Amino acid sequence: MPKIGLRINGVQVITEVRGRDRLIDLLRGMGFMSVKEGCSAGDCGSCNVLVNGELVNSCLMLAVQARGCEILTLEGIGTEEKPHRLQLAFVDFAASQCGYCIPGIIVTAKYLLDRNPNPTEEEIRRILTANICRCGGYTRIVEAVKKAAGAI
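Residues in the sequence shown are numbered consecutively from 1153, following the numbering used here.
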């Protein structure tokens, strides 16, 4: 099996991968359980991660393609001691019901705020179309992202 080097949440990793392994398989196998598999087709956003700062469905990317890349999962966004402003806003707005979709949504929202620190509600709603919340908590999710952006 080939070995690849990559950075996950700021930590350099060298690991073996099989040619058919997807990035989601690699990440979950390494214990990054925030990366969820919902649809296996890139439609639900539960597996969203940042790869070199770009939003990626990890269920659609081969692990070997991550060679030399910087990967960011929810585990790399804030800590229990010092949560990210998005995480705090999601708590403040009770924006999580079952929680399955939330890691992918927070990664998606971080992607947006990194590029546009003051998004409009329309821009927030537009980017979140890449994520499916089966509980239907979109209003609170949008409000949480607005608060994290400083719009509330």
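Where a beta carbon is used, it is the ideal one built from N, C-alpha and C, also for glycine. Predicted model, so just to flag it, every value in this text is computed and none were measured.
Worksheet item: Taking contact to mean at least 3 C-beta pairs separated by less than 8 Å, is the stretch 1154-1162 in contact with the stretch 1202-1221?
Response: yes
Practice prompt. Could you check if Asn1283 is buried or exposed, using at least 16 other CB atoms within 10 Å of its CB as the buried criterion?
Written response: Counted from its first residue, the sequence shown places residue 1283 at position 131. The residue is buried, with at least 16 neighbouring Cβ atoms inside 10 Å.
Worksheet entry | Nonlocal neighbours in the same chain, by C-beta distance under 8 Å from Asp1266, ignoring five residues either side | Here residue 1266 refers to the residue found at position 114 of the sequence shown. The residues are Gly1205.
Worksheet entry | For Leu1214, the three-state DSSP class (helix, strand or coil) | In the sequence shown, residue 1214 corresponds to position 62, counting from 1. DSSP places Leu1214 in strand when its eight states are reduced to three.
Discussion item. Does the contact criterion of 3 or more C-beta pairs under 8 Å hold for the stretch 1234-1243 versus the stretch 1192-1203?
Written reply: no
Fill in: Rounded distance between the beta-carbons of Leu1224 and Asn1161, thought under 8 Å
To locate residue 1161, count along the sequence shown from 1; it is residue 9. To locate residue 1224, count along the sequence shown from 1; it is residue 72. With 8 Å as the limit, Asn1161 and Leu1224 qualify as a contact, their Cβ atoms being about 6 Å apart.
Worksheet item: Does DSSP put Thr1260 in a helix, in a strand, or in coil?
Response: For the purposes of this step, residue 1260 is taken as residue 108 along the sequence shown, with counting starting at 1. Helix at Thr1260.
Discussion item. Mapping the DSSP letters down to three states, classify Ile1176 as helix, strand or coil.
Written reply: Along the sequence shown, one-based indexing puts residue 1176 at 24. Here Ile1176 sits in helix by DSSP.
Item to complete: Compare the Cα-Cα distances from Lys1298 to each of Gly1288, Phe1184, Lys1262 and Asp1195 and report the closest residue.
Response: Sequence index remark: in the sequence shown, residue 1298 carries index 146 (1-based). For Lys1298, the nearest C-alpha among the options comes from Lys1262.
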